[in-house]
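Asker: Here it is, the structure in full.
There are 2 protein chains.
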Amino acid sequence: MVPTIIIHGGAGDIPDGRVKGKIDGMKVAVKAGYDILMKGCSALDAVEAAVVAMEEDENFNAGYGSVLTLRGEVEMEASIMRGEDLNVGGVTLVKEFLHPISIAHKVLTDSPHSLLGGEGAKLFALEKGFKPIPPESLISENAKRALEKFLKHGEFGRTEIGPNDEGGVGTVGAVAIDSQGHIAAATSTGGMSGKAVGRIGDTPQIGSGTYADDHIGGVSTTGHGESILKYCLAHTIIKLMENGTDANTATTVAVNGMTSRLHNTAGAITLSKNGEVGVHFSSNRMSWAYIRDAQIFYGINPGEKFCDKYEPEK
Amino acid sequence: MVPTIIIHGGAGDIPDGRVKGKIDGMKVAVKAGYDILMKGCSALDAVEAAVVAMEEDENFNAGYGSVLTLRGEVEMEASIMRGEDLNVGGVTLVKEFLHPISIAHKVLTDSPHSLLGGEGAKLFALEKGFKPIPPESLISENAKRALEKFLKHGEFGRTEIGPNDEGGVGTVGAVAIDSQGHIAAATSTGGMSGKAVGRIGDTPQIGSGTYADDHIGGVSTTGHGESILKYCLAHTIIKLMENGTDANTATTVAVNGMTSRLHNTAGAITLSKNGEVGVHFSSNRMSWAYIRDAQIFYGINPGEKFCDKYEPEK
């Protein structure tokens, strides 16, 4: 199989001023994942590496730069799934770690459970040697401004698609297929600006934010979390592909079907078991990128597809 | 549409000594739900009423009688879904309330979010007037004994199917269709004996534990939570029905498919939009019951189907 990695950096009304930062950050992240694949490592390690890069980058709503709850705190969540055996790991209501996706990966490999939340996620992370950081160190200026704007003007529960949202669009995700034909998918987010304390979105819910099955393909989604989970967006795309629909059509039909039924927007990235790529969003913008055969394809506006040559790190 | 309600009281290796208590408790619960339907109320109110009855009954692993975490505490979760508009409500990591399903219902009607966990779920419940109770008051003697046995003999993560488990088999759920043809589904659980603090299972994850769509049908599942969520069991059944499979075949194919792929057991109850009933379990036992046309059907062993006359309360 030709190794391929595809990532997204969030769907929504991304302001013009934030386009460049997202595209630059995505190129760094997709290369980080592709480098792992090129070393012969697993799809699972590749999607983690790509998501880790975006969690470190304040241009994305995940890890550092996550949006804030009504109480002004960061509460992050992430999930990762291995298509070979359907094993999954997820965390939610995480406050004190830079990389929720790495804790989620550890849940997958080391816990009898699939999803840990709040205090339990923290206890598990500490036990596994993850270093806690002061929760305030995850808060960016953009995230503070986004909460201030939300408190003045926000329509509750819709900030992922609000036109004035500076911090809310940037859930990140990655899907990869490695040379062995194994598929993995991962998603990480800070949620939505002004969310209630304790709100759990689509990202850690398997079948909503993330899904991977070597027999079919892999998906990561972004957009209005409550709509995505009501529609089980990732699993809907998977089931369409299982029934013979190609990856791009399945992604388009499911995303548009969700928006038509629930009147909110979303986006998704998809790889089929044959390596077909699917990218679609019903929002105004979604940043995405993929690398295959030493070419980086990327875009952020509808219908857009740029191509750069991939230069491996020396 | 002929109003119908179907419920389950949990799948697993239910010991002989617990069969009668479960069947008696299920008859009370299914009648409670059916009485609501007969008054012309919604399917949503009916499934809540049936689940509330089982949350009060220590014969079931939900509400009072929930199993305990490794730390000896109750951490409950529940979800409810309205098929008309796909709206959902869920709570997880709840410690101080007898009826998680009623808080979940309130999340559905009163929150911009779909799932609240831990401290956030508690804050929401208090704000909505739910009365907290001492967490210890939810602990039954059976649950204590189940944890003791688990600590001595338990294989971690498999207690829902352990032969010695006295408290772990009894996740509860209900699916109803009302005279208007609207469908709702609800599920509530204490999880698995000896689970890690902060473990979130399939029950609050939409598409895994619960799903309802007026265009297709409704499902509630029970069994090994981590397997159910990896397989998105409820949504898998829904998608089979959407593609023309009848309710009972869809339930059977999906439950057996999960067990074949993931080597753990589960059960599910299903209603199609046309009122067809589906019941299947791959575990040794699952308690289930439904009422339609003033007849109560019920069973707990494979292939079993008893019938009583339904006598409405005077």
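Residue numbers (the UniProt record's numbering), protein chains in the order written: chain W, 1 to 314; chain G, 1 to 314. Here a beta-carbon is modelled for each residue, glycine too, at the ideal position from N, C-alpha and C. In this text the structure is predicted, and so the values were computed from the model without any measurement.
Any idea what DSSP makes of SER111 of chain W, helix, strand or coil?
Answerer: Along the first sequence, one-based indexing puts residue 111 of chain W at 111. DSSP places SER111 of chain W in coil when its eight states are reduced to three.
Asker: Does HIS113 of chain W get closer than 8 Å to chain G when you measure Cβ to Cβ?
Answerer: Working through the first sequence from its first residue, we reach residue 113 of chain W at position 113. By this cut-off, HIS113 of chain W is an interface position.
Asker: According to DSSP, is GLU77 of chain W helix, strand or coil?
Answerer: Along the first sequence, one-based indexing puts residue 77 of chain W at 77. Three-state DSSP puts GLU77 of chain W in a strand.
Asker: Can you confirm whether SER208 of chain G, when its beta carbon is compared against all beta carbons of chain W, has any partner nearer than 8 Å?
Answerer: Along the second sequence, read from residue 1 onward, the residue named residue 208 of chain G stands at position 208. Chain W, which has a Cβ nearer than 8 Å to the Cβ of SER208 of chain G, makes this yes.
Asker: Quick check on PRO312 of chain W: does DSSP put it in helix, strand or coil?
Answerer: Residue mapping note: residue 312 of chain W aligns to position 312 of the first sequence, counting from 1. DSSP places PRO312 of chain W in coil when its eight states are reduced to three.
Asker: Note down, in chain order, each residue of its chain lying with its Cβ closer than 8 Å to the Cβ of HIS113 of chain W, except the 5 sequence neighbours on either side.
Answerer: Taking the first residue of the first sequence as position 1, residue 113 of chain W is located at position 113. Taken in chain order, the residues that qualify are VAL107.
Asker: Does DSSP put PHE297 of chain G in a helix, a strand or coil?
Answerer: If you number the second sequence from 1, residue 297 of chain G lands on position 297. The answer is strand: DSSP assigns PHE297 of chain G an E or B state.
Asker: Taking DSSP as the reference, what is the three-state secondary structure of ILE14 of chain W?
Answerer: On the first sequence, position 14 is the one that residue 14 of chain W refers to. Looking at ILE14 of chain W - three-state DSSP - the assignment turns out to be coil, as it is neither helix nor strand.
Asker: Taking three-plus beta-carbon pairs below 8 Å as touching, is the region 118 to 132 of chain W in contact with the region 202 to 214 of chain G?
Answerer: No, the region 118 to 132 of chain W does not touch the region 202 to 214 of chain G.
Asker: Report yes or no: is there a C-beta of chain W within less than 8 Å of the C-beta of HIS224 of chain G?
Answerer: Taking the first residue of the second sequence as position 1, residue 224 of chain G is located at position 224. No, HIS224 of chain G does not count as interfacial toward chain W.
Asker: Confirm, please, whether the CB-CB distance from VAL169 of chain W to THR270 of chain W is below 8 Å.
Answerer: Within the first sequence, numbered from 1, the residue matching residue 270 of chain W stands at position 270. Within the first sequence, numbered from 1, the residue matching residue 169 of chain W stands at position 169. Result no, Cβ atoms of THR270 of chain W and VAL169 of chain W do not sit closer than 8 Å.
Asker: So, is GLU136 of chain W buried or exposed, given that buried needs 16 or more other C-beta atoms within 10 angstroms?
Answerer: To locate residue 136 of chain W, count along the first sequence from 1; it is residue 136. With fewer than 16 Cβ atoms within 10 Å of its Cβ, GLU136 of chain W is classed as exposed.
Asker: Under DSSP, the alpha helix (DSSP H) around GLY191 of chain G begins and ends at which residues?
Answerer: Counting from 1 along the second sequence, the entry for residue 191 of chain G is found at position 191. No alpha helix (DSSP H) holds GLY191 of chain G; DSSP gives it neither H nor E.
Asker: Could you pull the start and end residues of the alpha helix (DSSP H) that MET38 of chain G belongs to?
Answerer: Residue 38 of chain G sits at position 38 when you count from the first residue of the second sequence. From DSSP, the alpha helix (DSSP H) with MET38 of chain G extends over 19 to 38.
Asker: Could you check whether the Cβ of ALA196 of chain G sits closer than 8 Å to any Cβ belonging to chain W?
Answerer: Stepping through the second sequence from its first residue, residue 196 of chain G is reached at position 196. Yes, its Cβ sits closer than 8 Å to a Cβ of chain W.
Asker: With a CB to CB cut of under 6 Å and the five nearest residues on each side skipped, what residues in its chain are close to CYS307 of chain G?
Answerer: Sequence index remark: in the second sequence, residue 307 of chain G carries index 307 (1-based). For CYS307 of chain G, where only same-chain residues beyond five positions count, the Cβ hits under 6 Å are GLN295, PHE297.
Asker: What residue range is occupied by the uninterrupted alpha helix (DSSP H) comprising ALA121 of chain G?
Answerer: In the second sequence, counting from the first residue as 1, residue 121 of chain G sits at position 121. First-last of the alpha helix (DSSP H) with ALA121 of chain G: 119 to 127.
Asker: DSSP state of ASP213 of chain W, grouped into three classes?
Answerer: Mapped onto the first sequence, residue 213 of chain W falls at position 213. In the structure shown, ASP213 of chain W sits in a strand (DSSP, three-state: E or B).
Asker: Sort G:VAL91, G:THR109, G:ASP110 by Cα distance to ILE101 of chain G and report the nearest one.
Answerer: Translated into the one-based positions of the second sequence, residue 101 of chain G becomes position 101. Nearest C-alpha to ILE101 of chain G: G:VAL91.
Asker: Can you check whether the C-beta of LEU151 of chain G is within less than 8 Å of a C-beta belonging to chain W?
Answerer: If you number the second sequence from 1, residue 151 of chain G lands on position 151. Output row for LEU151 of chain G: interface = no.
Asker: Tell me the DSSP bridge mates of GLU42 of chain G?
Answerer: As a first step, residue 42 of chain G must be located in the second sequence, where it is residue number 42. Correcting the residue identity first, residue 42 of chain G is Ser in this sequence and not Glu. Answer is none; SER42 of chain G lacks a bridge partner.
Asker: Suppose you measure from the CA of MET76 of chain G to the CA of GLY198 of chain W; what does that come to, to the nearest Å?
Answerer: Taking the second sequence and counting its residues from 1, one reaches residue 76 of chain G at position 76. Taking the first sequence and counting its residues from 1, one reaches residue 198 of chain W at position 198. Going by the C-alpha atoms only, they are around 15 Å apart.
Asker: Please compile the residues from chain W whose C-beta is within a distance smaller than 8 Å of the C-beta of GLU119 of chain G.
Answerer: Position 119 of the second sequence holds residue 119 of chain G. In chain order: GLY118, VAL197, GLY198.
Asker: Where does LEU271 of chain W sit, in a helix, a strand or coil, going by DSSP?
Answerer: Within the first sequence, residue 271 of chain W is the residue found at index 271, counting from 1. LEU271 of chain W falls in the strand class under three-state DSSP.
Asker: Under 8 Å between the Cβ atoms of VAL234 of chain W and THR69 of chain W?
Answerer: In the first sequence, counting from the first residue as 1, residue 234 of chain W sits at position 234. In the first sequence, counting from the first residue as 1, residue 69 of chain W sits at position 69. According to the sequence shown, residue 234 of chain W is Ala rather than Val. No, Cβ-Cβ distance for ALA234 of chain W and THR69 of chain W is not below 8 Å.
Asker: Where VAL255 of chain G and GLY267 of chain G are concerned, what is the direct C-alpha to C-alpha distance, given to the nearest angstrom?
Answerer: Locating residue 255 of chain G in the second sequence gives position 255, where the first residue counts as 1. Locating residue 267 of chain G in the second sequence gives position 267, where the first residue counts as 1. Rounded to whole angstroms, VAL255 of chain G to GLY267 of chain G spans 6 Å at the Cα level.
Asker: For LEU262 of chain W, which residues in chain G fall below 7 Å Cβ to Cβ?
Answerer: Taking the first sequence and counting its residues from 1, the one referred to as residue 262 of chain W is at position 262. Neighbours of LEU262 of chain W on chain G, chain order: LEU86.
Asker: Give the residues of chain W in contact with THR252 of chain G, contact being defined as C-beta atoms less than 9 Å apart.
Answerer: What you label residue 252 of chain G is simply residue 252 of the second sequence in a count that begins at 1. Correct list: empty, because the minimum Cβ distance to chain W is about 18 Å.
Asker: With a threshold of 8 Å between beta carbons, is ASP165 of chain W in contact with chain G?
Answerer: The residue you call residue 165 of chain W lines up with position 165 of the first sequence. With a pLDDT of only 49 at ASP165 of chain W, under the threshold of 50, the placement of this residue in the model should not be trusted, and no figure is reported.
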